[in-house]
Amino acid sequence: MADKRFHLGWFMNFTPDEWREPFGQGGRPWDGQFYVEMARSLERACFDYIMIEDKLMVPQTYGGSAKASLNHGMMVPKHDPAPLAVAMGMATQRLGVIATMSTMAYPPFLMARLCSTIDSLTNGRFGWNVVTSAEDLMAKNFGMDRLPPRDQRYEMADEYMDVMGKLFASWDPDAVVLDRDAGIYADETKVRPIDFEGKYYKVRGPLNTVPSPQGRPIYVQAGASPKGRDFAATHADSIVSVASGVEEMRKFRADIRERAAKFGRDPDTIKVMFCVTPTLGETDDEARAKYERMLNSPHFIVDTLASLAAITEIDFAQYDLDKPLPEKLVTNGESGTLDKFQQWGSGKTLKELVVAGGGGLVSSVELVGTPDTVADRMGEVMEEVGGDGFLITTPVLRVSRRFITEVTDGLVPALQKRGLARTAYAHEKLRDNLLDF
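Per numbering that gives the first Met the number 0, the very first residue in the sequence shown carries number 0; after that it's consecutive.
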């Protein structure tokens, strides 16, 4: 019988948990324990990985100030994902942990050393979400006036990945010999400089860390533009996407697989994960009512537009909510997200764009209903798309224990009952679990 299983991940960030709602968690998760408990819950549900998003600035695009971001707790405060990934990884045994880190913020040697160390600390379950950053405000925190143009950032990132690969290969897998009788810890003939000198980076090497369990971390990427898709198809083990409906999901996956084959890669080694924001209830009507309450809450529109403004650096506060956008918008930031949101030519008002798809930013397909209803729909969608999995999230990345439980104790058992999700891990390392089916 054909294996119908698909992969499951969760997309979140180290920001205030759900703090305004009746079942909120208080908004003070800074010791990390709330998210460590979350990781344990996801491992119990046999998720492939949890991915921690990140930004490196305090947004001040929406309304021309930081007021909306700080007042609403949108994108800020935001703590560093790498230490949280370590805490999550050391509290679990099989769940993959993925941290977002920018090629514009970390020199390649430091990035490779950090990734290697965390992969060792998690016994081969670490992944790196590769981003080039998208905000000039971020650039100003790292000695730049503005970010390079998007195409140049991808050119820099391609060279960066070349350096990373050479650094991870600067130690042979068997370089550590631990020969006590001869008094030799590592064989010096199996550790070598890389002497890399390119257009953007110059790195001597070698790394000063031992080879990690996976050799290198899993690479995750979310490129949506043509240049971004080429980058992802060249380097990524897992690709994150937000599409607008099943047909766009199918086309995106097919395009990535075609590009990967063109670059000499086996498309089956790349797992495409589509972001979804399920709304679950004990009945379909209850779930629908909950979904409508979310869309009509007083904070939803501002939260969504402030979030979008932060990553595109376009001030949506200047536009009338009840009118269509006056022109097609362009950005040096996250252009794929912007293009998906604005649906240029649709005639929708700005408010309608926000409401479309539960915020229009993070859900590839509408999933509203009981766990059984949503599980059936996820199975239908994945059969039409052809693979590879879903990345659970929420419209503005806030999360509560209630929602986590709805997914891990409601939705996932419904998926498992249908043979759509794993019931146990077959391997210890993240890469092996991703390649299991």
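By construction, the Cβ of each residue, glycine as well, lies at the ideal position given by its N, Cα and C atoms.
All of these numbers come straight from a predicted model, not from anything done at the bench.
Check: Buried or exposed by the 16-neighbour rule on C-beta atoms within 10 Å, applied to Glu-427; Outcome: exposed
Check: Chain-order list of residues whose beta-carbon lies under 6 Å from that of Pro-15 (same chain, five-residue window excluded); Outcome: Gly-26, Gly-72
Check: The alpha helix (DSSP H) enclosing Val-384, as first and last residue numbers; Outcome: 370–384
Check: Span of the alpha helix (DSSP H), counted from its first residue to its last, around His-426; Outcome: It is not in any alpha helix (DSSP H) - His-426 carries neither H nor E in the DSSP assignment.
Check: Spatially closest choice to Lys-322 from Gln-341, Phe-195, Glu-285, by CA coordinates; Outcome: Gln-341
Check: Assigned secondary structure, Phe-195 (DSSP; H/G/I helix, E/B strand, else coil); Outcome: strand
Check: Minimum C-alpha distance to Val-202 - residue among Asp-180, Ala-232, Met-160, Gly-214; Outcome: Met-160
Check: Bounding residues of the alpha helix (DSSP H) (the contiguous stretch that carries Tyr-34); Outcome: 32–43
Check: Neighbour-count burial assignment, Pro-107, 16 or more Cβ in a 10 Å radius; Outcome: buried
Check: Presumed contact (8 Å Cβ cut-off) between Ser-399 and Gln-24, rounded CB distance; Outcome: 6 Å
Check: Span separating the alpha-carbon of Ala-259 from that of Pro-266; Outcome: 6 Å
Check: Coarse secondary structure for Phe-141, derived from DSSP in three states; Outcome: coil
Check: Contacts around Ala-316, its chain only, beta-carbon distance under 8 Å, and the 5 residues preceding and following it disregarded; Outcome: Tyr-61, Gly-62, Gly-63, Ala-67, Leu-304, Ala-308
Check: CB-CB length for Gln-213 against Arg-421, believed under 8 Å; Outcome: Between Arg-421 and Gln-213 the Cβ distance is about 20 Å, and since that is not below 8 Å, they are no contact.
Check: Through-space distance from Glu-42 to Tyr-34, alpha-carbon basis; Outcome: 12 Å
Check: Nearest candidate by alpha-carbon position, reference Val-85, set Gln-32, Ser-132, Val-57; Outcome: Gln-32
Check: Bridge partner(s) assigned by DSSP for Tyr-48; Outcome: Gly-8, Gly-95
Check: Top-ranked residue by Cα proximity to Arg-417, from Phe-436, Thr-392, Thr-407, Gly-378; Outcome: Gly-378
Check: Cut-off 6 Å between Cβ atoms - residues of its own chain near Phe-22, not counting five sequence neighbours on either side; Outcome: Ser-399, Arg-401
Check: Span separating the alpha-carbon of Ala-111 from that of Leu-294; Outcome: 42 Å
Check: Pick from Ala-81, Ala-223, Ile-49, Ala-288 that is closest to Glu-333, judged by C-alpha positions; Outcome: Ala-223
Check: Bounding residues of the alpha helix (DSSP H) (the contiguous stretch that carries Ser-399); Outcome: No alpha helix (DSSP H) holds Ser-399; DSSP gives it neither H nor E.
Check: Whether Ser-363 touches Ala-242 by CB criterion (8 Å); Outcome: yes
Check: Three-state secondary structure assigned by DSSP to Gly-222; Outcome: coil
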